[in-house]
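Undergrad: First the structure, which I've put down as structure tokens, then a few questions once you've had a look.
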Amino acid sequence: MAGRFTLPHIDVSALLSASPYSGTGSGGSSTPRIRAEHGRKLAHELDVALAAITELRGSDPRLQPADGGYIEVELRAGSNVDAALLWKKKGIRPGATKDANNVRTVALYVPDASQEALKQILDDYLNGPLSVIAGKPPHSARVEKIEEIRRARLEVFWTDDPAALPGDPHHLMWWAVWAHRENEAALETACERLGLRAAASDRRLYFPEAVVVPVLARRAAIELMTFATVVVSELRRASDTPVFFLEDAKDSQGAWVDDLAERITWPGSEVPAICILDTGINRGHALIEPALTTADQHAIDPEWGIDDHHSHGTAMAGLALHGDLTSALADQSSRQLTHRLESVKLLPPAGADPNDPNSYGIITQTAVSLAEIAAPDRTRVFCMAVTNQNVTGARPSTWSAAIDQAAAGAMNADDDDAPKRMFVVSAGNVPPEIEYSRLPQTDDFPAEDPSQAWNALTVGGYTDLTTIADAGYETWSSLAGAGELSPHSRTSVNWGHSRAPIKPEVVLEAGNRAVSPAKREVLTLDSLSLLTTSSTLGADTLTAFQATSAATAQAARIVARLTANNPSYWPETVRALVVHSAEWTEPMLAQLNSPAGKKDRYPLVRRFGYGVPDYDRASASARDHLALIAQAEIQPFRLKGKREFNECHYYRLPLPASVLEQLQNTVVELKVTLSYFIEPNPGFSANVDPQRYQAYGLRFDLQRRGELPARFKQRVNAAEREDGVKPPPHPDDARWVFGPGSISSGSLHCDVWTGPAIELLSRELLCVKPVVGWWRNRASKEIVNRKTRYALVVTLKAPGVNVDLYSAVITAKARIESEIAAESEIEI
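Residue numbers for the sequence shown, in the numbering used here: 40 to 867.
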């Protein structure tokens with residue numbers, strides 16, 4: 040394949056034109072309420088809930104009475120929380136929000152001074168005149184979304200796994216206390232007066248609206264502080280339990296290590312690095328030492344040391360630097376490395392103080408800072424195969440949001456010039472059951488926190504390893520077939536598709552497992568694993584390694600090589616190219632093509648991601664398989680009297696009409712990947728509303744068959760139409776694998792169009808447009824008017840056809856550039 044992909048990708052950044060943009064918006068209807076019945080019910084419930092606030096006030100003399108309190112509001116499923124419950128002028132604001140049993144529940148803060156205003160809204164709804172045109176009571180848009188109002192319970196503030204909320208009032212644990220940033224000092228005061236231990240500022244996480252403070256307390260104390268001070272807005276667990284699964288290491292071919300080391304041209308200090316956040320690295324290994332200096336080894340706590348106390352970090356290092364060593368040791372070719380290693384010991388060795396608040400969000404950001412302070416001018420990729428044991432990534436967490444924040448260059452210590460950062464993380468592993476009859480279904484094990492980080496490249500596992508060569512196991516068979524999901528890999532099949540990003544995005548080799556002839560036993564064998572560096576020196580310098588840790592290290596290697604060979608590429612672009620290079624194996628395609636509808640494919644992409652990436656496809660184009668790349672800045676919103684959308688981008692793709700006509704009904708593929716990094720705003724209703732979590736969102740839309748350019752622009756952009764005019768209808772394009780309905784959250788969107796070449800004629804327009812995020816809803820002009828950037832990759836592929844698409848696209852690009860230049864001269 041390397042000999043096929045030799046042509047540079049085609050840059051089409053100059054083929055875009057920016058245009059004013061207005062969103063089309065969306066509306067909905069619901070069953071109308073019986074006004075009198077609903078109004079009286081809510082008015083009574085509000086009185087009872089507000090009375091509870093008064094009861095709690097002054098319940099503990101150590102705490103200063105609050106000037107407000109929380110009530111609990113239950114909304115119709117799917118209701119927009121801010122639209123229903125946010126009254127900025129009155130200081131009424133929603134806090135913790137969660138969905139359960141098809142119900143959306145919100146902790147609503149009500150200042151004392153606004154209680155009467157809230158009562159008046161319900162009175163107006165109940166007794167006010169109906170509107171002249173619609174015949175609706177006052178405030179119906181808000182009030183009719185409310186199902187019930189009641190006194191607040193601690194459960195409504197708890198947005199973590201319900202089973203993890205301790206029932207015993209004396210249960211002592213670290214709590215992740217979320218508070219509005221202006222309440223941080225008040226929270227500290229409350230903790231001090233109640234004798235609670237709050238983590239120091241360097242153990243806290245800061246987001247645009249919230250601060251997350253680990254607090255060591257019993258449930259009873261947290262409950263008292265929550266209701267008596269109203270400084271608490273949300274509660275979660277603060278103690279993450281990182282886990283990785285590593286089978287017993289076995290030595291293999293250790294004598295060949297020195298030979299391989301001599302055949303490698305080792306990198307200098309100026310090349311990009313893979314910074315491994317793990318258990319440390321033992322750099323004395325002959326295949327590691329030349330690419331890792333002691334100055335590039337760090338630990339969160341200097342007392343931990345920088346050596347590998349578990350062996351996991353060293354095994355990660357070997358794969359991240361060299362890939363699977365099985366083939367590298369066997370051949371005699373020379374190799375040149377274009378990246379090096381860094382290490383931050385993220386996990387404490389045995390005996391570390393168990394009372395330290397294990398907030399891995401802030402620990403991960405601290406690790407980032409340690410590496411960057413030591414080598415500030417170096418480009419790096421952060422690789423982390425550490426996950427939160429058995430904690431699903433279905434919702435944003437403190438840890439995942441901290442990774443998103445770091446990737447976006449928006450950590451608390453970052454300035455406006457802070458770099459965007461590339462993270463590669465693992466999806467987590469299925470426990471290695473030994474009894475065949477008890478084997479779990481991989482889909483029953485959700486991808487673990489923090490794999491849900493929107494801006495990270497999340498990696499799952501597949502396997503091509505099916506040949507068993509271990510002595511004594513000749514009659515055993517592989518558990519998974521070639522090209523299938525690795526038995527080690529978790530998936531996001533059971534995450535809510537409307538709220539969770541598609542994870543993993545890609546899968547790489549993670550090893551297989553072996554089944555006994557009688558199907559009683561399942562084992563992980565050396566021959567069904569990868570080969571990497573061992574943390575022990577001497578005879579056993581190599582070890583078997585598998586699962587999504589191995590897959591993640593290999594993905595980081597692809598990212599680092601792309602970064603080294605393309606220094607002008609942004610992290611967003613590199614991520615897009617890795618995902619864009621991915622292709623599904625035949626077994627994956629068999630599952631993707633079997634469902635009847637597009638929605639039936641959503642679980643499948645949550646199992647396999649977008650397939651298996653390939654460095655050659657990611658780094659270069661071929662005559663019959665080329666990639667168009669654009670890197671661009673866009674300003675999604677603007678504050679000009681009011682907060683509104685600002686612009687969209689149109690691209691004229693150089694699709695070669697003459698070749699498409701020549702190919703006629705020959706099947707071709709057009710793949711589109713859009714990648715950007717959002718600044719997260721976690722907590723509160725961001726758990727249930729992706730648009731509340733993201734700073735902004737972007738979407739792409741391609742001109743449809745038979746759709747004139749003007750009609751396309753009118754369909755995708757309300758600013759291209761006269762006020763009040765609906766978008767012109769045009770038949771949906773059914774040839775996309777997933778379709779626009781698959782896009783709901785996340786900061787990477789990818790889809791594949793497959794069909795006759797002739798159907799791509801006159802479809803050269805592609806639009807990149809913004810969707811709502813928290814940037815638009817912030818009052819600050821500096822925030823609303825921010826610019827951001829994205830990467831767009833479009834691939835045109837004619838599989839199995841001897842055709843020179845590449846030259847034809849280059850010619851078409853030159854033609855479009857000439858037309859754009861001519862149009863610019865006319866405008867001048």
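C-beta: ideal position from N, C-alpha, C; glycine also.
Per DSSP, which residues does proline 809 bridge with? Please list them.
TA: Partner(s): Leu737.
Undergrad: Whose CA, out of Ile188, Lys175 and Thr353, lies closest to the CA of serine 573?
TA: Comparing Cα-Cα distances from serine 573 to each of Ile188, Lys175 and Thr353, the minimum goes to Thr353.
Undergrad: Roughly how many angstroms separate the alpha carbons of proline 770 and valine 832, rounded to a whole number?
TA: In a straight line, the C-alpha of proline 770 is about 25 Å away from that of valine 832.
Undergrad: Work out the CA separation of arginine 242 and glycine 400 for me, nearest whole Å.
TA: Computed Cα separation, rounded: 9 Å.
Undergrad: Across the stretch 196–203 and the stretch 86–97, are there enough close Cβ pairs to call them in contact, namely three or more that are closer than 8 Å?
TA: With the cut-off at 8 Å, the stretch 196–203 and the stretch 86–97 do not touch.
Undergrad: Along the chain, where does the alpha helix (DSSP H) containing serine 439 start, and where does it finish?
TA: Residues 437–446.
Undergrad: Using the beta-carbon count (16 or more within 10 Å), is threonine 571 buried or exposed?
TA: Buried, since its Cβ has 16 or more Cβ neighbours within 10 Å.
Undergrad: Roughly how many angstroms separate the alpha carbons of isoleucine 320 and aspartate 790, rounded to a whole number?
TA: Their Cα atoms are separated by approximately 39 Å.
Undergrad: Tell me whether the beta-carbon of valine 651 lies closer than 8 Å to the beta-carbon of glutamate 611.
TA: In this structure, glutamate 611 does not lie closer than 8 Å to valine 651 by Cβ.
Undergrad: Cutting at 7 Å between CB atoms, please list the residues of its own chain near proline 388, excluding the five before and the five after it.
TA: Around proline 388: Trp343 and His348.
Undergrad: Around the C-beta of glutamine 593, are 16 or more other C-beta atoms found within 10 angstroms, so that it is buried, or is it exposed?
TA: Looking at its Cβ environment, which holds 16 or more other Cβ atoms inside 10 Å, glutamine 593 is buried.
Undergrad: With a 10 Å radius around its C-beta and 16 neighbouring C-beta atoms as the bar for buried, classify glutamate 858 as buried or exposed.
TA: Its Cβ having fewer than 16 others within 10 Å, glutamate 858 is exposed.
Undergrad: Are alanine 615 and threonine 587 touching if we call contact CB-CB under 8 Å?
TA: It is not a contact, given that the beta carbons lie outside the stated cut-off.
Undergrad: Assuming valine 420 and valine 598 are in contact, meaning their beta carbons sit under 8 Å apart, how far apart are those beta carbons, in whole angstroms?
TA: About 5 Å; that satisfies the 8 Å criterion.
Undergrad: Could you tell me the boundaries of the beta strand (DSSP E) in which glutamate 382 lies?
TA: The sequence given here places serine at residue 382; glutamate does not occur at that position. 379–384 is the extent of the beta strand (DSSP E) around serine 382.
Undergrad: Measure the CB-CB distance between aspartate 443 and proline 719 and report whether it falls below 8 Å.
TA: Cβ distance < 8 Å, so aspartate 443 and proline 719 count as in contact.
Undergrad: Classify threonine 881 as buried or exposed, calling it buried when 16 or more other Cβ atoms lie within 10 Å of its own Cβ.
TA: What is shown of the chain runs 40 to 867, which leaves residue 881 out entirely.
Undergrad: Among the residues of its own chain, which have a CB less than 8 Å from the CB of serine 65, if the five just before and after it don't count?
TA: Confidence is the limiting factor: at serine 65 the pLDDT is only 42, short of 50, which leaves the residue's position unreliable and the question unanswerable from this model.
Undergrad: Give a yes or no on whether the C-beta atoms belonging to asparagine 756 and lysine 681 are separated by under 8 Å.
TA: Against a cut-off of 8 Å, the Cβ pair of lysine 681 and asparagine 756 comes out as no contact.
Undergrad: Apart from the five residues just before and just after tryptophan 792, which ones in its own chain have a Cβ nearer than 6 Å to its Cβ?
TA: Excluding residues within five positions, the ones whose Cβ falls inside 6 Å are Leu709, Arg774 and Trp775.
Undergrad: Assign lysine 836 to one of three DSSP states: helix, strand, or coil.
TA: Here lysine 836 sits in strand by DSSP.
Undergrad: Please report the distance separating the alpha-carbon of glycine 467 from that of leucine 157.
TA: Distance between the alpha carbons of glycine 467 and leucine 157 is about 46 Å.
Undergrad: Taking only three categories from DSSP, how would you classify isoleucine 401?
TA: Isoleucine 401 falls in the helix class under three-state DSSP.
Undergrad: Please list, in chain order, all residues of the same chain as valine 706 whose beta carbon is under 6 Å from its beta carbon, the five residues on each side excluded.
TA: Contacts found: none.
Undergrad: Leaving out five residues on either side along the sequence, give the residues of the same chain with a beta carbon under 7 Å from the beta carbon of proline 767.
TA: Cβ within range, chain order: Arg750, Gln753 and Arg754.
Undergrad: By Cβ distance below 6 Å, which residues in the same chain neighbour methionine 450 in space, the five residues on each side in sequence not counted?
TA: So the qualifying residues of the chain are Gln404 and Gln444.
Undergrad: Please report the residue range of the beta strand (DSSP E) in which isoleucine 110 lies.
TA: Element bounds for isoleucine 110: 107–114.
Undergrad: Provide the residue span of the alpha helix (DSSP H) that contains glutamine 159, from first to last.
TA: Note, glutamine 159: alpha helix (DSSP H), 154–166.
Undergrad: For the beta strand (DSSP E) containing glycine 794, name the first residue and the last one.
TA: Glycine 794 -> beta strand (DSSP E) spans 787–795.
Undergrad: If we require 4 or more residues per run, which alpha helix (DSSP H) segments fall completely within the stretch 679–713?
TA: Counting only runs of 4 or more, we get 696–702.
Undergrad: Using CA atoms only, rank isn't needed, just tell me which of Val142, Cys687 and Thr418 is closest to alanine 57.
TA: With distances taken between Cα atoms, alanine 57 lies closest to Cys687.
Undergrad: With a CB to CB cut of under 6 Å and the five nearest residues on each side skipped, what residues in its chain are close to glycine 130?
TA: Counting only Cβ-Cβ distances below 6 Å, and skipping sequence neighbours, we find Pro150 and Ser153.
Undergrad: Which of helix, strand or coil does DSSP assign to proline 748?
TA: Three-state result, proline 748: helix.
Undergrad: Can valine 546 and phenylalanine 647 be called in contact, C-beta distance under 8 Å?
TA: Going by C-beta atoms, valine 546 is nearer than 8 Å to phenylalanine 647.
Undergrad: If you count every other CB in all the chains shown that lies within 10 Å of the CB of asparagine 632, and 16 or more means buried, which is it?
TA: It counts as exposed.
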